[in-house]
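Report on the structure given below.
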Amino acid sequence: DTGVSQDPRHKITKRGQNVTFRCDPISEHNRLYWYRQTLGQGPEFLTYFQNEAQLEKSRLLSDRFSAERPKGSFSTLEIQRTEQGDSAMYLCASSFSTAEAFFGQGTRLTVV
Amino acid sequence: DAKTTQPTSMDCAEGRAANLPCNHSTISGNEYVYWYRQIHSQGPQYIIHGLKNNETNEMASLIITEDRKSSTLILPHATLRDTAVYYCIPRRTLNFGNEKLTFGTGTRLTIIP
């Protein structure tokens, strides 16, 4: 399978714990995006990378959120001190230059 | 970014053409119209995009009005697997540096057997 891969698919965590999600983009895609989706809503943009550089961050990305893309390959999204409001589907997408973005299956986070 | 208006939900009989409208009256000249869909519990899937002219690919056709204020996505022979939420998204070209997709709430299309 050469699509965008996200791990884990599901994560249940207690409030206050830290969680980290991983995204492996399609090989040779230089752009990588993170989105968040809550029930009944469309995905909301969080941040995007071109190669290893983080070029844009949404105001949704509070200080508790951090994303990295070392070496311009896979990316991680970390949420520190999770809150119940962080419960959502976290989606990763990648694209080559300006072409259409391909999305992964997402990581569903539940904070209890 | 341009705002879009789509019906909240639509039904279509299996085998018929599904026509999904989108109003984007504030679209600017440097914005393409992109369509994505999201099947339940999956990530969004790219369908098609266009600027001015009508476009067709193996999945769908896109009809854009001459004034570019609205468009229609056409699934020519809908199947049960086309049941999904369909998003119409204006997106700037690279030269303007805005890369992200801004999703609305989309149209929930249900294909009826």
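Protein sequences, first through last, are from chains A and B. The numbers in my numbering rise by one with no breaks, and the one at position 33 of the first sequence is 33. The numbers in my numbering rise by one with no breaks, and the one at position 83 of the second sequence is 1083. All C-beta atoms in this analysis are idealised placements derived from N, C-alpha and C, irrespective of residue type, glycine included.
Residue i, buried or exposed, once every other Cβ within 10 Å from all chains shown has been counted against 16
| i | result |
| --- | --- |
| residue 64 (chain A) | exposed |
| residue 1071 (chain B) | buried |
| residue 1003 (chain B) | exposed |
| residue 31 (chain A) | buried |
| residue 1028 (chain B) | exposed |
| residue 1052 (chain B) | exposed |
| residue 1076 (chain B) | exposed |
Cβ-based neighbour list, residue i, same chain, cut-off 6 Å, excluding 5 preceding and 5 following
| i | result |
| --- | --- |
| residue 1108 (chain B) | 1009, 1085 |
| residue 78 (chain A) | 20, 66 |
| residue 108 (chain A) | 10, 89 |
Neighbour list for residue i in chain A, Cβ cutoff strictly below 7 Å
| i | result |
| --- | --- |
| residue 1104 (chain B) | 42 |
Three-way DSSP call (helix, strand, coil) for residue i in this model
| i | result |
| --- | --- |
| residue 60 (chain A) | coil |
| residue 70 (chain A) | helix |
| residue 1050 (chain B) | strand |
| residue 86 (chain A) | helix |
| residue 39 (chain A) | coil |
| residue 1075 (chain B) | strand |
Residue i: contacting residues in chain A (beta-carbon distance under 8 Å)
| i | result |
| --- | --- |
| residue 1006 (chain B) | Per Cβ cutoff of 8 Å: no residues; residue 1006 (chain B) is ~10 Å from chain A at best. |
Distance CB(residue i)-CB(residue j) smaller than 8 Å
| i | j | result |
| --- | --- | --- |
| residue 72 (chain A) | residue 89 (chain A) | no |
| residue 4 (chain A) | residue 74 (chain A) | no |
| residue 1078 (chain B) | residue 1111 (chain B) | yes |
| residue 1057 (chain B) | residue 1048 (chain B) | yes |
| residue 43 (chain A) | residue 36 (chain A) | yes |
Partner residues on chain B for residue i, Cβ-Cβ distance less than 9 Å
| i | result |
| --- | --- |
| residue 103 (chain A) | 1036, 1038, 1042, 1043, 1044, 1045, 1046 |
Neighbourhood of residue i by C-beta, 7 Å cutoff - its chain only, sequence neighbours within 5 removed
| i | result |
| --- | --- |
| residue 84 (chain A) | 15, 111 |
| residue 47 (chain A) | 34, 54, 56, 57, 58, 61, 67 |
Partner residues on chain B for residue i, Cβ-Cβ distance less than 8 Å
| i | result |
| --- | --- |
| residue 48 (chain A) | 1099, 1100 |
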